[in-house]
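Asks: This structure is in structure tokens; I'll ask about it shortly.
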Amino acid sequence: MPEKQFINYYRCPYDGTEWVDVWSCCCNDMCPKCETKDIEPYKSAEVVHMTTDRRK
């Protein structure tokens, strides 16, 4: 069974930078522009991994 993953959407409250990252949980991140730490995601969505039967 694959490990759960989440797409986390972030927005820095200080400079407005927005970014998206994939993590194994809904965790805080650091702004890639101003390096402010502990920014909470404003939205998270679980990644759904699909498998296909390639034997056909």
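Residue numbers (the working numbering): 1357 to 1412.
Virtual Cβ for every residue (Gly too), placed ideally from N, Cα, C.
If we ignore side chains and look at the alpha-carbon of each, how far apart do R1367 and T1373 end up?
Replies: Rounded to whole angstroms, R1367 to T1373 spans 6 Å at the Cα level.
Asks: Rounded to whole angstroms, what is the Cα-Cα separation between E1402 and W1375?
Replies: Looking at the two C-alpha atoms, the distance is approximately 17 Å.
Asks: State yes or no: is the C-beta of C1381 within less than 8 Å of the C-beta of D1371?
Replies: Not in contact: C1381 and D1371 (Cβ atoms no closer than 8 Å).
Asks: Could you pull the start and end residues of the beta strand (DSSP E) that V1378 belongs to?
Replies: E1374 to W1379 is the extent of the beta strand (DSSP E) around V1378.
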